[in-house]
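All remarks here apply to the structure that follows.
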Amino acid sequence: MLRGRGRFHDGLADFEVPQLEIALEGSRWTLSEPALFRTGPGRLEVDRVLLASRFGELDAHGVWDETAGMLDGGIALERFDLGLVNLFLPGKDVLNGEVSAQVSLGGSPTEPLVGLEARLTGSHLPQADLDSLTVSALFYEGNLDLRAVELVSNYGRVHARGLVSHPGAGLRGFWDGAALDLDLDLENADWAFLDQFAIPSLDRLSGVFDGSLKLTGDTRRPVIAGGIESRPFNVHWLHLDELRGTVGYADGVLTLGDLAGRRDTLPLTGRLEIPLQLDFLSVPVSPVDGPFLMSLSIPDDTDLTPLARTCNAFVESGGRGGLTLVVEGPANHPLYHGRVTLRDGSCVLRGLSEVYAGVSCDGEWEGDVLTVRDLRAREGARGSLAGGGTLTFKGLVLERFDFAVDADRFLVASIPDLRALVRGRGISLTGVKVGPDELLVPSFAGDLEIIEARFTGDFSEQPSVSDPRVATVAPDWLADLRLRAPPRTIRVVNRTMELFLSGEVRLLRDMGGMNLSGHLNIDQGRLPVFNNDFKVSYGGLDFTQEHGVIPEVGLTAETSVRLPAAREGGSRLLEKIYVDVTGSALAPQVDFRSESGYARSNIERMLLGLSPNVSDVPATSAVRQGTMAAGFNLLEREVAAELDLVDTFDIESGRVREDGTTQTLIGVGKYIGRDLYVKFAQAVTDQDREILVEYQINDHLLLQSEVSRRANEILGDTTYNLDLKYRFEY
């Protein structure tokens with residue numbers, strides 16, 4: 002809405018506008034006071050226009066007089082919403098934020114002189130979030146003199162000063178082709194700004210850098226020269242604590258020269274040339290077929306301990322070596338040339354537990370392939386490796402590796418609960434890509450002979466992502482191995498059994514988890530039940546029925562128990578007892594039988610050292626001697642299930658007290674979960690008590706806490722003892 006009045010005289014017109022309302026993008030702009038202005042031939046004079054809304058304030062005044070050749074005035078913006086300008090611009094809405102500015106006008110209409118002091122805050126652009134942009138500039142005779150520019154964004158801080166010139170160009174065409182002479186200082190700049198443009202040669206670029214750059218040329222063909230210092234610097238698989246060098250751009254090539262970087266004490270020098278179509282009129286583009294050059298150098302006999310933190314392949318590293326490498330050609334497929342040496346190296350590969358030492362090799366790059374020769378290493382206590390192979394690259398990315406090695410006494414340590422010494426010839430180690438991210442992981446294949454192996458698990462899958470027995474879309478390693486075990490080379494030992502095995506199995510590990518197929522014979526073994534050892538007569542583990550590593554068990558074991566005498570001083574009879582264990586190792590079926598055909602309940606009494614018949618009541622001394630014989634070992638779960646309330650029952654006799662007397666303790670225990678065990682023991686003849694708590698922290702570490710109460714009959718008081726014990730099992 003507009004309301005005003007005018008007066009015309011002598012070819013001039015005077016206007017007064019007391020009311021003006023403009024609706025713009027949901028905002029209402031109104032005059033704070035009447036506006037006065039005068040027009041005439043080649044002349045416009047504005048006393049003052051003050052427009053205000055909740056989106057900001059605009060205050061303007063000035064004179065435009067072509068006849069007199071005069072331009073004078075000013076415009077002030079306070080908290081102006083820059084998004085309102087998008088209505089007058091083609092394309093998408095890209096401008097936003099709040100700007101406050103002072104614009105001064107001088108000179109003449111044909112040669113204006115414009116001064117600008119402005120500050121923009123809270124602007125979110127497609128390429129960056131601007132915290133603030135402060136500009137102090139002067140425009141005259143086709144020149145934009147940037148006296149001070151400070152830009153603060155989520156990618157760092159930039160200070161700029163200098164001249165942008167395009168004489169003879171109008172305001173609309175000023176920027177296109179304008180000559181540049183600018184100095185830029187960068188503080189805490191983030192390499193991620195370039196990473197968002199998806200330049201293949203700079204994949205996974207990150208780090209923070211400072212630098213000083215000189216920008217010349219023009220907006221169509223800029224030229225950049227200067228230096229930078231980055232802390233840290235990460236690109237592809239390379240991770241450095243710091244990188245220093247020169248920066249240059251001209252004719253479509255971005256050059257990082259005289260590079261000197263380090264990771265801890267590991268030095269690295271080189272040069273990088275990247276194809277890049279850069280102008281200040283459009284988004285940068287890296288041509289896939291543009292010329293690419295990268296040269297890297299590590300001096301010979303360099304300490305390689307920091308290498309594990311320099312690249313992604315290793316958890317630990319050591320030794321000494323050197324590198325000379327040149328990668329040159331089209332950016333989408335550059336070719337390699339160079340050499341690498343390693344002496345007395347050591348490493349642990351990421352995702353694996355094997356420890357390699359004494360590693361030595363020589364390598365030569367040619368084309369896409371790094372050929373490794375004379376590879377030798379030690380592994381485990383006395384293990385050895387020898388062989389060679391190739392690594393194939395595609396651009397800057399390792400695409401595949403193929404090695405063939407001979408191993409002797411190689412210690413397998415990456416499978417939970419298993420330690421195995423193996424030997425084999427021509428074992429294949431190949432790189433395979435897995436998962437949605439196409440991670441490159443090692444795949445093992447070949448025939449291995451087991452020298453010695455020890456398995457301490459219970460054949461159950463653990464709910465852990467890193468457990469190789471569990472299915473995952475991105476396993477750390479793969480395997481297809483045929484394993485042959487001579488007699489008594491595999492030992493299975495846990496709380497319920499100790500077995501010595503032999504046979505042949507196939508170990509397959511893929512994204513579905515780990516599988517074993519084949520059959521293992523039980524050469525020798527025992528099953529502890531109370532204080533009785535059942536010796537395995539025959540049996541085996543069959544891996545052909547189940548998916549995974551859980552076998553079908555089929556074994557028979559036997560023991561002999563001595564029955565209590567029917568009368569004091571009578572002879573004790575021997576009874577042979579058999580146990581048959583069948584079914585899945587996770588939930589086996591256990592059946593007891595005896596030589597004389599006793600029922601299961603009678604057999605369980607015999608295993609406790611009692612008479613098989615409840616009606617038999619031997620003399621007190623015989624009962625005491627029989628019960629004292631029971632109870633040092635863990636009560637077999639099948640028997641404990643009959644008792645229902647307890648998992649273990651034991652009797653400890655012959656303990657010598659401080660006063661020289663002996664005592665007998667009877668204890669009952671309970672498993673609270675699979676890892677926590679609690680036992681309470683009470684003395685038969687006095688008030689001594691013990692409480693035992695065991696917590697299985699992991700497969701190799703047991704924490705045991707014991708609280709004892711002792712009644713000292715001589716001193717007439719009670720003492721308490723607390724014992725904490727750690728037991729390591731390997």
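Numbering (our numbering), first residue to last: 2 to 731. All residues carry an ideal CB built from backbone N, CA and C; glycine is no exception.
Report the three-state DSSP secondary structure of I578 (helix, strand or coil).
Residue mapping note: residue 578 aligns to position 577 of the sequence shown, counting from 1. I578 falls in the strand class under three-state DSSP.
Taking G43 and D66 to be in contact with their CB atoms under 8 angstroms, please state how far apart those CB atoms are, rounded to whole angstroms.
The sequence position of residue 43 within the sequence shown is 42, counting from 1. The sequence position of residue 66 within the sequence shown is 65, counting from 1. Confirmed, about 7 angstroms.
Pop quiz: G514 and V471 are said to be a contact at Cβ under 8 angstroms. What is the actual Cβ separation, rounded to whole angstroms?
For this step, residue 514 is matched to residue 513 along the sequence shown. For this step, residue 471 is matched to residue 470 along the sequence shown. Right, their Cβ atoms sit about 6 angstroms apart.
Out of curiosity, what's the CA-to-CA distance linking G291 and L195?
Locating residue 291 in the sequence shown gives position 290, counting from the first residue. Locating residue 195 in the sequence shown gives position 194, counting from the first residue. For G291 and L195, the distance between alpha carbons rounds to 18 angstroms.
With C-beta atoms as the reference, is D409 less than 7 angstroms away from R426?
Taking the first residue of the sequence shown as position 1, residue 409 is located at position 408. Taking the first residue of the sequence shown as position 1, residue 426 is located at position 425. It is not a contact, given that the beta carbons lie outside the stated cut-off.
Could you tell me the distance, in whole angstroms, from the CA atom of L13 to the CA atom of F198?
Sequence index remark: in the sequence shown, residue 13 carries index 12 (1-based). Sequence index remark: in the sequence shown, residue 198 carries index 197 (1-based). If I take the Cα positions, the gap works out to 57 angstroms.
In chain order, what residues of the same chain have a beta carbon less than 6 angstroms from the beta carbon of F9, not counting five sequence neighbours either side?
Along the sequence shown, read from residue 1 onward, the residue named residue 9 stands at position 8. Nothing listed; no residue qualifies.
Can you look up N144 in the DSSP assignment and give me helix, strand or coil?
Here residue 144 corresponds to residue number 143 of the sequence shown, with the count starting at 1. Three-state result, N144: strand.
Out of L52, V373 and T557, state which residue places its alpha-carbon closest to the alpha-carbon of V591.
Taking the first residue of the sequence shown as position 1, residue 591 is located at position 590. That would be T557, whose Cα lies nearest to the Cα of V591.
When you compare each of N522, V254, I692 and Y156 to D130 by their alpha carbons, which one comes out closest?
Taking the sequence shown and counting its residues from 1, one reaches residue 130 at position 129. Cα-wise, what sits closest to D130 is Y156.
Just curious, the alpha helix (DSSP H) that A309 is in, first and last residue?
In the sequence shown, counting from the first residue as 1, residue 309 sits at position 308. Segment L308 to T311, the alpha helix (DSSP H) holding A309.
State the DSSP-derived secondary structure class of S301, mapped to helix, strand or coil.
Here residue 301 refers to the residue found at position 300 of the sequence shown. Strictly speaking, residue 301 in this sequence is Asp, with Ser absent from that position. Here D301 sits in strand by DSSP.
Report the three-state DSSP secondary structure of D196 (helix, strand or coil).
Looking up residue 196 in the sequence shown gives position 195. Looking at D196 - three-state DSSP - the assignment turns out to be helix.
So, using beta-carbon positions, are G169 and L147 closer together than 7 angstroms?
Residue mapping note: residue 169 aligns to position 168 of the sequence shown, counting from 1. Residue mapping note: residue 147 aligns to position 146 of the sequence shown, counting from 1. Contact: no.
Is it right to say I23 is buried, meaning 16 or more other beta carbons lie within 10 angstroms of its own, or is it exposed?
Here the question's residue 23 lines up with position 22 in the sequence shown. When all chains shown are included, I23 counts as exposed.
For G98, which option in A77, L126, T393 and G178 has the closest C-alpha, if you only look at C-alpha atoms?
Walking along the sequence shown from the start, residue 98 turns up at place 97. Comparing Cα-Cα distances from G98 to each of A77, L126, T393 and G178, the minimum goes to L126.
Drop a sphere of 10 angstroms on the beta-carbon of H548, count the other beta-carbons inside from all chains shown, and report buried for 16 or more, exposed for fewer.
Indexing the sequence shown from 1 puts residue 548 at position 547. So H548 ends up on the exposed side.
By a C-beta neighbour count over all protein chains shown, 10 Å radius and 16 as the cutoff for buried, is Y337 buried or exposed?
Within the sequence shown, residue 337 is the residue found at index 336, counting from 1. Buried, because 16 or more other Cβ atoms sit within 10 Å of the Cβ of Y337.
With distances taken from CA atoms, which of A180, R344, S298 and R245 is nearest V224?
Position 223 of the sequence shown, counted from the first residue, corresponds to residue 224. When only C-alpha atoms are compared, the closest one is A180.
Please work out which residues of its chain come closer than 6 angstroms, Cβ to Cβ, to S448, disregarding the five sequence neighbours upstream and downstream, and give them in chain order.
For the purposes of this step, residue 448 is taken as the residue at position 447 of the sequence shown. Reading the sequence as shown, one finds Asp at residue 448 and not Ser. Same-chain partners within the cutoff: G425 and R483.
Which residue marks the beginning of the alpha helix (DSSP H) containing R205, and which one marks its end?
Here residue 205 is taken as the residue at index 204 of the sequence shown, counted from 1. No alpha helix (DSSP H) holds R205; DSSP gives it neither H nor E.
Go ahead and pull the three-state DSSP assignment for F535.
In the sequence shown, the residue the question calls residue 535 occupies position 534. Strand at F535.
Output needed for D581: all residues of its chain with C-beta closer than 6 angstroms, excluding positions within five of it in sequence on either side, in chain order.
The residue given as residue 581 occupies position 580 in the sequence shown. If we look at D581 and ignore the five residues flanking it on each side, its Cβ neighbours are T557 and D592.
Going by DSSP in three states, R55 sits in which element: helix, strand or coil?
Along the sequence shown, one-based indexing puts residue 55 at 54. DSSP places R55 in coil when its eight states are reduced to three.
Output the distance between the C-alpha atoms of V530 and A682, rounded to the nearest integer angstrom.
The sequence position of residue 530 within the sequence shown is 529, counting from 1. The sequence position of residue 682 within the sequence shown is 681, counting from 1. Roughly 20 angstroms between the two C-alpha positions.
Have a look at the DSSP bridge pairing and note the partners of D363.
Start at 1 with the first residue of the sequence shown, and residue 363 comes out as number 362. Looking at the DSSP assignment, D363 forms a beta bridge with T342 and R374.
Relative to the C-alpha of T391, which candidate in R29, D369 and G116 has its C-alpha closest?
Sequence index remark: in the sequence shown, residue 391 carries index 390 (1-based). Of the candidates R29, D369 and G116, the one whose C-alpha sits nearest the C-alpha of T391 is D369.
At which residues does the alpha helix (DSSP H) containing I416 begin and terminate?
As a first step, residue 416 must be located in the sequence shown, where it is residue number 415. It is not in any alpha helix (DSSP H) - I416 carries neither H nor E in the DSSP assignment.
Return the chain-ordered list of same chain residues with a C-beta closer than 6 angstroms to the C-beta of P613, the five sequence neighbours on each side being excluded.
By 1-based counting over the sequence shown, the position of residue 613 is 612. Around P613: Y599, N603, R606 and M607.
How is N614 classed by DSSP in three states: helix, strand or coil?
In the sequence shown, residue 614 corresponds to position 613, counting from 1. N614 falls in the coil class under three-state DSSP.
Within this structure, are the beta carbons of S320 and D345 separated by less than 7 angstroms?
Walking along the sequence shown from the start, residue 320 turns up at place 319. Walking along the sequence shown from the start, residue 345 turns up at place 344. This sequence places Gly at residue 320; Ser is not what is there. A contact, by the Cβ cut-off of 7 angstroms.
Work out the CA separation of L500 and D543 for me, nearest whole Å.
Numbered from its first residue, the sequence shown carries residue 543 at position 542. Numbered from its first residue, the sequence shown carries residue 500 at position 499. Going from the Cα of D543 to the Cα of L500 covers about 14 angstroms.
Can you give the Cα-Cα distance for G717 and L666, rounded to whole angstroms?
One-based indexing of the sequence shown puts residue 717 at position 716. One-based indexing of the sequence shown puts residue 666 at position 665. Legend: pLDDT at G717 = 42, less than 50; position of this residue unreliable, no value from coordinates given.
Just to confirm before moving on: does the CB-CB distance between G389 and F411 stay below 7 angstroms?
Residue numbering aside, residue 389 sits at position 388 when the sequence shown is read from its first letter. Residue numbering aside, residue 411 sits at position 410 when the sequence shown is read from its first letter. No, these two residues do not count as a Cβ contact at 7 angstroms.
Measure how close the beta-carbons of P35 and V18 come, nearest whole angstrom, since I'm counting them as under 8 angstroms.
The residue labelled residue 35 in the question sits at position 34 within the sequence shown. The residue labelled residue 18 in the question sits at position 17 within the sequence shown. Indeed they touch by this definition, with Cβ atoms about 6 angstroms apart.
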